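S.K.:
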Amino acid sequence: MKKLFVTGTDTDVGKTFATSAILNQLKQRRFSTAGFKPVAAGCNNLGGALRNDDALLLQRESTVELTYEQVNPCAYEQPIAPHIAAESLGQRIDLDPLNQAVSNIERMQPDYLVAEGAGGWRLPLTDGIYLSDFVKQQQMQVIMVVGLRLGCLNHALLTAEAIQNDGLKLVGWIANQVDWQMPYADDNLNYLHKSIQAPFLGKIPRLSGPAEAFKYLDLTPIL
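Position in the sequence shown (first residue = 1) + 61 = the working numbering.
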């Protein structure tokens, strides 16, 4: 099972769109897939069952049959930083259940596990432990989503640097047109092309939903 982790340069840069697009394109290429959202904060409480919209989308896009808990083992209702949500409940986020969840999916033998992060690369889970530590333990290959808006150059370069400094491989990056009125968007994109030492997998334009996003990606460099 090949393990991909989709991170972003910030929150709300289109990680879910990109992860859905990756799952869709892999399905088009006849690979079996499992979507995974290890940590989610901002869930609907449905009679005591917490459900996150992004995780539900990844569950639907997976080709292997997964329960919600297999897709999203760590869920919190409040749309705040996960470690703060956990602390407010007297809880602590531990990496062991996340690693166990990956092992459980691995037994189903999908060709690809595609995990979507939360927030940015250095998301705190508890004191001194970050979601990036989980990615390192799993030795996942990383795909970075850059939200095209003012400030994206700094965010993208710092995120790429952090991934590489953590000893992980940035196998590709995706641009997502977050601000469709961004001045000089092409100039920013050209600078990113020159500066990020990883394959460019595509640019997702402003879309009303994720269903068509896969058409704008080319995953050939990472397959």
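The C-beta atom is built at its ideal place from N, Cα and C for all residues, glycine as well.
Quick caveat: nothing in here was measured; it's all calculated off a predicted structure.
In three-state terms, what does DSSP make of residue 64?
M.R.: It is a strand residue.
S.K.: Which runs of the beta strand (DSSP E), 3 residues or longer, sit entirely within the region 85-118?
M.R.: Uninterrupted beta strand (DSSP E) stretches at least 3 residues long and entirely within the region 85-118 occur at 94-97, 100-102, 105-107, 110-112, given in chain order.
S.K.: Determine, using beta-carbon pairs with one atom in the region 144-153 and one in the region 123-132, whether at least three such pairs fall under 8 Å.
M.R.: no
S.K.: Which same chain residues end up closer than 6 Å to residue 79 when comparing Cβ atoms and leaving out the 5 residues on each side of it in sequence?
M.R.: 67, 206, 235
S.K.: In terms of residue numbering, what span does the alpha helix (DSSP H) encompassing residue 252 cover?
M.R.: Secondary structure note for residue 252: its alpha helix (DSSP H) is the uninterrupted segment 246-256.
S.K.: How would you label residue 168, buried or exposed, when you count the other beta carbons within 10 angstroms and need 16 or more for buried?
M.R.: exposed
S.K.: Looking at residue 102: is its Cβ nearer than 8 Å to the Cβ of residue 278?
M.R.: no
S.K.: Run through DSSP, which three-state label would residue 187 get?
M.R.: strand
S.K.: Look at the alpha carbon of residue 155 and the alpha carbon of residue 245, and state the distance between them as a whole number of angstroms.
M.R.: For the pair residue 155 and residue 245, the Cα-to-Cα distance works out to about 43 Å.
S.K.: Does any heavy atom of the ligand NAD sit closer than 7 Å to the C-beta of residue 112?
M.R.: With respect to small molecules bound, the structure shown includes none, and the ligand NAD cannot be examined in it.
S.K.: Which same chain residues end up closer than 6 Å to residue 264 when comparing Cβ atoms and leaving out the 5 residues on each side of it in sequence?
M.R.: Once the five neighbours on either side are set aside, the close Cβ partners of residue 264 are 236.
S.K.: With distances taken from CA atoms, which of 266, 63, 238, 268 is nearest residue 164?
M.R.: 63
S.K.: Within 10 angstroms of the Cβ of residue 231, are there 16 or more other Cβ atoms? Answer buried if so, exposed if not.
M.R.: buried
S.K.: Starting from residue 126, follow the alpha helix (DSSP H) in both directions and report where the run begins and ends.
M.R.: First-last for residue 126: undefined, no H or E at that position.
S.K.: Going by DSSP, what residues sit across from residue 204 in a beta bridge?
M.R.: 67, 233
S.K.: Can you find the residues in the same chain that come closer than 7 Å, C-beta to C-beta, to residue 227, ignoring five residues on each side of it along the sequence?
M.R.: 193, 197
S.K.: Reducing DSSP to helix, strand and coil, say where residue 262 ends up.
M.R.: strand
S.K.: Assuming contact is defined by CB atoms lying nearer than 8 Å, are residue 186 and residue 143 in contact in what I supplied?
M.R.: yes
S.K.: Below 8 Å on the Cβ atoms is my contact criterion, and I expect residue 173 with residue 119 to pass it. Report the Cβ-Cβ distance as a whole number of Å.
M.R.: That belief does not hold up - the Cβ atoms of residue 173 and residue 119 are roughly 12 Å apart, past 8 Å.
S.K.: Compute the distance between the beta-carbons of residue 171 and residue 269, then report whether it is under 8 Å.
M.R.: no
S.K.: Tell me the residue span of the alpha helix (DSSP H) that contains residue 335.
M.R.: The requested residue 335 is not part of the displayed model; the chain covers only 62 to 284.
S.K.: Quick check: residue 159 and residue 135, are their CB atoms within less than 8 Å of each other?
M.R.: Using a Cβ distance threshold of 8 Å, residue 159 and residue 135 count as a contacting pair.
S.K.: One question on the structure: do residue 204 and residue 262 come within less than 8 Å of each other, judged by their Cβ atoms?
M.R.: Yes.
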